Each structure stands twice: as structure tokens, then as C-alpha cells.
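Protein chains in written order, with the numbering used here: chain H, 8 to 410; chain D, 7 to 435.
Virtual Cβ for every residue (Gly too), placed ideally from N, Cα, C.
Computed from a prediction, not measured in an experiment: that's the story for all the values here.
What follows is one structure encoded as C-alpha cells, with my remarks underneath.
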Amino acid sequence: MSENASNELTVGQRFFRELTTGGTALTLLSILLAMLIGAVLIVVSDPDVQGTAAYFFSRPTDTLLAIWESASSAYSAMFAGAIIDFDAASVGDALIPLADTLTYATPLIGAGLAVALAFRAGLLNIGAQGQILIGATLAGLVGFGMDLPAVVHIGFAVLAGFLGGAIWGGIAGFIKAKTGAHEVIVTIMLNHIAALLLAYLLTTQLFRREGQAAPISPFVADSAALPRFFDGSRLHLGLFVVLLAAVYSWWLLSRSTMGFRFKAVGHNPHAATTAGISVGRSYTAVMFIGGGLAGIAGASQVLGTESYLSTSIAGELGFDAITVALLGRSSPIGTVAASLLFGALRAGAVTMQAQTGTPIDIVLVVQSLIVLFIAAPPLVRAVFRIKVRAASPMAAEVGGKAA
Amino acid sequence: MTQVATRPAESRETEAAVVLTRHWRTPIMFGVFGLLALVVFGLLPDGGRESTFGLSLRDDAIQLAPITVPSKLAAILLALVCLGIAAYATWQTYLGRRVPLWLSITFGLAFVLAFLTWSVAGSEISLTSALQGTLALSVPLIFGALCGMMGERTGVINIAIEGQLLAGAFLSGVVASLVGNLWVGLIAAPIAGLLVAWVLAVFTVRYFVNQIIVGVVLNVLVLGVTNFLYSRLLSPLKETWNSPGRFPRLEIPLLSEIPVIGPVLFHQTIIVYIMYVVVVLAHIALFRTRWGLRVRAVGEHPEAADTAGIQVNEVRFRNVLLGGALAGLGGAYFTLGAVGLFSPEMTAGAGFIALAAMIMGRWTPIGAVFAALLFGFANNLQSVLGIIGSPIPSEFMLMAPYLLTIFAVAGLVGRIRPPAFNGQPYLKS
């Protein structure tokens with residue numbers, strides 16, 4: 008990606024170039040290809056299709072119809088669950104799926120930014136999962152354990168979430184900076200430690216809900232709950248918090264000195280050192296800030312979406328965050344867009360499972376395929392016979408730094 | 007792009023710095039842990055209680071009487087052994103020698119025994135069944151660690167061990183169910199791991215995509231596919247798709263009659279015996295053959311290896327596949343060796359602990375075996391102690407492998423150095 012060249016072009020020209028030389032076209036084709044393979048998986052494993060395939064040679068139309076029926080019903084249910092439900096009673100109800108999409112996208116934006124920021128400084132933050140967990144733990148503790156006036160309580164709880172994630176991320180950054188230990192190994196291990204720590208805390212007096220056998224915490228106080236926007240959907244104020252975080256990340260990366268240092272370190276740590284930038288301090292700082300954003304995602308889960316703390320509070324969010332940041336090419340705007348896409352997939356899959364019985368795990372397959380295809384442009388170009396050449400973004404950006 | 011293959015100056019600098027500062031870390035850590043053992047396990051607890059260790063199972067040929075020791079005294083003695091080793095290590099370091107691996111292993115054993123004496127004070131634990139449980143939990147870890155090692159020795163980081171284990175578990179179970187033959191299932195397991203590894207190799211070695219990203223994504227992909235197919239086929243049509251059964255335990259005559267370790271090591275399923283062979287072969291192949299020399303050369307200095315006529319990327323590609331096949335075999339242990347059917351996410355993070363075992367074992371097969379056994383022991387112990395009542399919460403026992411690994415990569419425990427070109431693509435200039 009030659010940024011210098013594209014800076015001299017007009018907006019229209021740049022958009023056209025993006026669209027044709029990789030970037031957007033490649034992304035769209037990757038999504039299409041992943042959805043197609045997902046459809047193949049749905050069709051092949053469908054008992055109806057298998058039933059009709061038994062007599063394929065006597066009546067092939069039956070099989071073809073069953074194939075079409077299987078794939079199209081699954082994907083249209085997914086659309087209905089993610090964007091607009093045309094069968095709904097009112098206009099408001101028809102838009103509830105869109106609100107669900109935004110609800111699922113909310114934590115992804117925060118956690119995705121954590122990974123994206125670290126990418127920019129040349130670090131692979133596999134630890135968003137742990138950062139979300141610790142953020143959620145501290146936010147939850149403030150949420151149900153303290154008694155504060157309404158607005159202050161929310162602010163305090165979100166801040167606690169930020170700090171929790173920031174400390175957990177900061178530990179990884181600090182260890183990397185001080186000892187040169189591979190951040191991937193450290194963050195993977197910290198993820199597991201965070202999960203076990205939360206599991207332990209939920210057995211203690213402080214965190215356990217009274218009279219509950221299951222390890223879950225009390226509900227967060229009303230004064231600390233992120234307010235929901237309307238009935239029938241769990242969409243809450245957390246969306247604006249993470250969007251603010253996205254704006255902050257954009258500002259940090261493109262307008263601040265610290266962001267400039269991060270990017271310099273990410274491009275070339277030796278040059279950055281020569282220029283007087285402390286690589287170690289940048290590593291610690293970027294992991295602290297990024298971890299904090301993941302912590303905010305955790306806070307939004309516990310204060311808004313779930314309302315209480317449990318061991319499954321983070322789900323698979325930390326790993327989705329990595330794919331989101333990759334799909335968004337580690338830019339804040341891209342991360343938000345990718346989060347919306349994955350949020351839509353997730354919301355749609357819930358409806359799809361309910362309506363057609365297609366297991367929700369198809370989302371994991373489609374998501375990972377999208378990222379695989381995006382990571383290997385030559386592969387997608389070969390499939391669609393695109394001739395244009397452009398450098399693979401990920402190979403170049405973070406390829407050589409994982410030593 | 008061609009600069010990618012040159013050795014980064016930063017790592018060389020940090021290495022030099024680390025060598026200087028790390029000098030005293032091993033004896034210091036030994037001393038700290040030894041004192042910890044002395045105070046927490048030995049001096050603090052009340053005296054007068056006894057720890058009992060059973061040495062035989064009910065149907066063993068040779069029955070040994072259980073050993074009963076006074077908890078406080080035994081813990082103090084073992085802690086003193088730890089401190090003695092710390093003193094010896096200090097002396098060795100003073101003379102400018104490296105602390106040998108066997109010393110670290112002895113230290114670990116003494117520390118673990120002191121911990122064990124302390125935690126079972128006032129009750130009884132069967133050492134044989136504890137060791138059996140340890141081995142059972144370690145088998146997939148050892149296969150997984152060998153998988154990671156095959157890749158990393160050539161410079162390809164394999165984060166997808168988890169996915170390869172899961173794929174092996176899934177396919178071996180499904181194939182064994184469909185064909186109705188466990189042996190066919192066992193052959194399918196390495197093929198599943200190999201397929202996942204092939205994707206990893208194509209993306210990382212051929213297209214130079216970042217190794218960690220592909221690894222992470224592959225884990226999610228395998229998880230998604232196996233979960234999806236489980237709820238679609240394996241769960242509703244259990245009879246056809248998910249009833250593979252288990253390999254029987256084979257008793258090796260004579261060897262299995264050795265007290266304590268006999269029933270642990272030589273009364274096992276075929277997969278465990280395959281593991282013994284694979285570990286020995288891997289050790290010999292890596293350190294005693296021309297193949298091993300080439301593999302290590304590719305990981306340490308690909309440019310030099312290339313100059314010497316070794317096809318760097320060819321070697322990497324083949325080794326990643328080999329590793330995948332090993333991890334696939336390890337996956338079969340879950341379905342065909344231990345449980346007898348496939349359940350979703352049954353590997354439960356074993357792939358990451360295997361990664362940790364490989365690092366703790368310093369990228370050597372024998373070291374990885376001991377690290378995996380230690381982690382398996384900790385995991386097994388927390389469930390045993392959960393039953394007899396443990397002085398520390400089980401979650402903290404489960405944390406041990408992860409904490410130890412962070413200490414290890416941060417240079418606090420022993421000297422750990424990955425292959426120099428680990429994780430870096432090799433682009434011929």
C-alpha cells in the first residue's frame with residue numbers, strides 16, 4: 008500500500024483505486040467466498056439434502072431444490088435476524104434485528120481497537136480476551152459492590168473497566184519491554200490466568216450472588232447500568248462509549264505525538280530508537296491503552312448487555328477482536344465497520360439457528376474464512392482471476408516482527 | 007521485503023544484555039522458591055500430622071505398603087534439599103558454569119514433593135493413581151509440544167496446535183465410528199492434523215502471511231467446523247457418527263509389574279506406546295541425524311542453510327506437515343484413548359498448554375516431556391486435592407503452567423532461547 012502516492016490523488020480517484028486494486032474489492036470478494044463455503048457446509052450437512060441425494064440420478068431436481076432451499080433459507084433467516092425483519096408487526100419491531108446487530112458489535116469495537124492499536128505499534132495483542140475479562144471483573148465489582156449516585160456510578164464503573172483491562176494489557180507490554188519476551192506467548196498465558204482468576208473470584212464471598220449455586224455475581228446496581236435505548240432490544244449506551252473510544256483511537260493514531268511514536272515503532276523499531284523514541288515505553292503504553300479499550304468492552308458487557316458477571320462474560324470476544332482488527336486493516340474506522348459486519352453475522356446466526364436449525368457455529372467458520380482469504384490476496388485473486396498486483400497488507404506490516 | 011530475513015539487531019542486543027543480567031537468575035529463583043517451600047510448606051503449618059502415600063493399586067501383582075511420613079519434618083527436609091540445590095547452583099554460576107538441566111529437574115521434583123507432603127497433610131493420596139492421571143493428561147500435551155517443536159525448530163511458529171489436536175480428535179472419532187474400526191480412526195487422526203497444518207504451511211511458508219495470525223484463525227476455523235458438524239450430525243445421529251469406542255489398555259509383560267511406575271507406564275493404550283516411540287525418535291532425529299542438523303540450521307540461520315544448499319522453505323513446509331500429523335495423533339488420544347466419543351471443544355486449551363510445555367522444555371523433546379508431565383501433574387493434582395480438600399483453590403493450581411511459562415519467557419526461570427529465526431518468513435533475495 009503506497010500511502011505517498013495515494014495522498015496526491017483526489018478523493019474520487021483514491022476511492023476508485025482502493026476499489027479496484029485490492030482493498031475494498033478484495034474484502035468484498037473474501038466475504039463472498041467465505042459465505043459461499045459456509046453455504047456448502049450448510050448444504051452438505053443438511054439431512055434433507057442427503058435424503059434427496061440418495062435418488063439424485065432418478066430425480067436430480069429434487070436434490071437441487073433441496074440444496075437451494077437449505078442454503079437460501081439459512082441465509083435469508085440470517086439477513087432477517089441481522090438487518091430488517093419484513094415479517095414484523097410494526098416498523099419498530101422490524102428494526103429490532105438492526106439493534107441486535109449493534110448490540111453484538113459494541114464489545115467487538117472496543118476489543119477490536121485494542122488489537123488494532125497494538126498492531127500499529129508492531130505488537131500482536133492476542134490478549135484481548137483476558138483484558139476484557141479483567142475489565143469486566145473490575146467494572147462489575149464497582150457496579151454491584153459500591154453505592155454511588157447515578158451518573159457518577161456509571162462513569163466510575165466504566166473507568167474501573169478501563170483500568171482493569173489497561174493493567175492486564177500493560178503487564179504484557181511491560182514484560183515485552185523489559186525482557187523481550189514474545190508478547191504473543193505472554194498474552195495467551197495471561198488470557199488463561201484471567202479466566203481462572205475470574206472463576207476463582209466468582210466462588211468468593213465478595214463476588215458470589217447469595218443463594219446461587221452457579222458461579223455468578225449479583226446484578227449490577229441500577230445506578231451503574233448502562234441505560235438501554237428501547238424495549239425489545241438490549242442495545243445500550245455502551246455503543247456510544249465504544250464509538251467515542253474509536254474516535255479517540257483515530258485521534259491518537261493520526262493527530263497525537265504518542266500515536267506517531269507508536270506508528271514509528273511499528274514501522275521500524277531501530278529507526279525509532281535512533282530518532283530518540285523509547286521502544287519499550289511505547290510497547291507498554293500501547294498495550295496499556297489498548298488493554299483499557301478492551302476493558303471498556305468488558306465493562307459494556309457487564310454493565311449493559313448481561314447485567315451480571317459470569318465466567319462466560321467474554322464469550323469468544325477476544326478472538327473475534329483479532330479477526331475484526333485484521334478485517335478492518337487495523338484502522339479505527341475499519342475496525343468499527345468490521346465489528347458491524349461480525350455483529351450482523353452473530354445476530355443473524357441466532358435467528359438462523361432458531362428458524363432453520365442451522366447451528367450458530369457456522370459464524371465462526373465464515374468469520375475465520377473471511378480473515379484467511381483477506382490475509383492471502385494471491386489466493387483470492389487466483390480464485391476470481393483478478394490480475395492486479397498489490398502487496399499483501401498483513402505479510403508486510405507485521406510479518407517480520409514476531410521474533 | 008528482502009530485509010525481513012536479516013537477523014534483527016534488536017534481538018541480538020537484548021540477547022547480549024540478557025546473557026549478562028540473566029546469569030544469576032536461576033540460582034536466585036531456586037533460592038526464592040526453596041525458602042518459600044521451607045517457610046510455607048515446612049515451618050508455618052502445625053506439626054503432628056502425617057501424609058500418607060499409597061504405592062500400589064488394588065490389582066497390582068506386587069503389593070507395597072503405603073508410606074506414611076510426618077508432614078512437617080518431611081516438608082522441611084525436602085525444602086532443605088531445594089535450598090541445597092540452590093546453593094550448588096550458586097556455586098556453579100560463580101564458577102561461570104551453566105546450571106545443568108538435570109539439576110533443574112531435581113529441584114522441580116523436590117519442590118513438588120514438598121508441596122505434595124504439605125497439601126495432603128492429615129490424609130492419604132495414591133501416588134500410583136496420581137501418576138496415572140498425570141500421564142493421561144500429559145499425552146496430548148506431549149504430542150502437541152512435539153508438533154510445535156517441529157515447526158519452531160525450522161522457524162515457523164505454530165499457534166494452531168489446539169486446532170490440530172481438535173481436528174485429530176474429531177476426525178479419528180468420526181472415521182472410527184463410520185468404518186467401525188478403531189485402527190482406521192487412528193490412521194485418520196494424523197491426516198486431520200496434517201490437513202490443518204497444510205493450510206498453515208501454504209499461508210505462512212508459501213504466501214508469507216503472518217504465522218501467528220493464520221494460527222489463531224485456524225484454531226477458530228477448526229472450532230467452528232467441528233462444533234457445527236457436531237450439532238448437525240454427531241449429536242442427533244450419535245449411533246452412526248459418534249460411537250467410536252476406546253482402545254483397550256495393553257499390559258506389557260514383566261515391565262508392567264515394576265512397582266509404582268510399572269502400571270503407570272506399561273499398562274496403557276496403543277497411543278501412549280506410540281508416544282514413547284515418537285519422543286525417542288524425535289530426540290534422535292533432531293540431535294543425532296543429518297536431517298535434524300538441517301532442520302535446526304533452517305531455524306537458526308536460514309540464509310546460511312540456503313547457502314549450504316538446503317531448500318529452506320521446503321524443509322519448513324515438510325516440518326509443519328509432520329508436526330500437524332503428530333498433533334493429530336495426540337488428538338486421537340482424546341476420543342479413542344480416553345473418552346470413547348467426541349464432544350465439542352474437548353481439547354479445552356490443551357494446545358496452548360502444549361505450547362507452554364514446548365517453551366518450558368526449551369524446544370527439546372525430552373525437556374518438553376518433563377514440562378508436559380509437570381503440567382499434567384498440576385492439573386491432575388488439583389482434581390485429586392479437590393476431593394480430599396486442598397489448602398489452596400484449584401484455580402490457582404491450574405494457573406501454574408501459565409504463570410511458569412510467563413516466568414520462563416521473561417527469563418526468570420532458567421535460560422530460554424528460541425530458535426533465532428523463529429517466526430520470520432524466509433524470502434530468498
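- Against chain H, a Cβ distance below 8 Å from Phe402(D) picks out Leu203 and Tyr207.
- Within its own chain, the residues whose Cβ lies closer than 7 Å to the Cβ of Gln360(H), once the five positions on either side in sequence are excluded, are Pro366 and Ile367, listed in chain order.
- Burial check for Thr32(D): the Cβ neighbour count within 10 Å reaches 16 or more, so the residue is buried.
- Using a 10 angstroms sphere on the CB of Phe234(D), the tally of other CB atoms reaches 16 or more, which defines it as buried.
- Per DSSP, the continuous alpha helix (DSSP H) segment holding Val180(D) begins and ends at Ile167 to Val185.
- Partner residues in the beta bridge of Thr74(D), as assigned by DSSP, are Thr58(D).
- Contact note: Gln374(H) reaches chain D through Val226 and Gly230, using a C-beta cutoff of 8 Å and chain order.
- In the DSSP annotation of this structure, the continuous segment of the beta strand (DSSP E) that includes Glu130(D) starts and ends at Glu130 to Ser132.
- In the three-state DSSP reduction, Glu257(D) falls in the strand class (E or B).
- Here the C-alpha atom of Gly298(H) lies approximately 34 Å from the C-alpha atom of Arg322(D).
- For Asp55(H), the nearest beta carbon of chain D is not closer than 7 Å to its own beta carbon.
- Counting C-beta pairs closer than 8 Å gives fewer than three between the region 188-199 of chain H and the region 299-310 of chain H, which falls short of the contact rule.
- Phe340(D) sits away from Ala151(D), with the two beta carbons spaced by 7 Å or more.
- Looking at the DSSP output, Gln274(D) bridges to Leu256(D).
- Rounded to whole angstroms, the gap between the alpha carbons of Phe272(D) and Ala338(D) is 19 Å.
- Going by beta carbons, Leu133(D) and Phe47(D) fall outside the 7 Å limit.
- Between Pro269(D) and Ile68(D) the beta-carbon gap is near 10 Å, outside 8 Å, which marks them as no contact.
- Taking a C-beta cut-off of 9 Å against chain D, the contacting residues of the region 320-333 of chain H are Glu323, Phe326, Asp327, Ile329, Thr330 and Leu333, listed in chain order.
- Within the region 236-262 of chain D, the residues whose Cβ lies closer than 9 Å to any Cβ of chain H are, in chain order, Tyr236, Ser237, Arg238, Leu239, Pro242 and Leu243.
- Within the model, the alpha-carbon separation for Ala345(H) versus Ala43(D) is close to 51 Å.
- Assignment of His189(H) by DSSP, reduced to helix, strand and coil, places it in the coil class.
- Between Phe358(D) and Phe326(H), the alpha-carbon positions lie close to 14 Å from each other.
- Distance from the CA of Ser224(H) to the CA of Leu203(H), rounded to the nearest whole angstrom, comes to 15 Å.
- Rounded to whole angstroms, the separation of the alpha carbons of Ile73(D) and Met294(H) is 51 Å.
- Per DSSP, the beta-bridge partners of Arg235(H) are His243(H).
- Neighbourhood of Asn233(D) in chain H, by CB distance below 8 Å: Pro366, Asp368 and Leu371, in chain order.
- Distances from the CA of Arg235(H) to each of Ala382(H), Ser375(H) and Thr312(H) were compared; the closest alpha carbon is that of Thr312(H).
- Non-local C-beta neighbours of Ala374(D) in its own chain, meaning closer than 6 Å and more than five positions away in sequence, comprise Ala151, Ala363, Met364 and Gly367, ordered along the chain.
- Boundaries of the alpha helix (DSSP H) harbouring Tyr290(H): Val286 to Ser307, taken from the DSSP string.
- Among the residues of the region 327-360 of chain D, those with a Cβ less than 7 Å away from any Cβ of chain H are Gly355 and Phe358, in the order of the chain.
- Taken atom to atom, the span from the alpha-carbon of Ala182(D) to that of Val372(H) is near 24 Å.
- The alpha-carbon of Ile38(H) is positioned some 21 Å away from that of Thr113(H).
- Here Tyr62(H) is exposed, its C-beta having fewer than 16 other C-beta atoms within 10 Å.
- Residue contact with chain D for Ile139(H): absent (no Cβ-Cβ distance below 7 Å to any residue of chain D).
- Around Ser52(H), the beta-carbon contacts reaching into chain D at under 9 Å are Phe234, Leu235, Arg238 and Leu239.
- By the CB criterion at 7 Å, Ala332(H) and Thr108(H) fall outside the cutoff.
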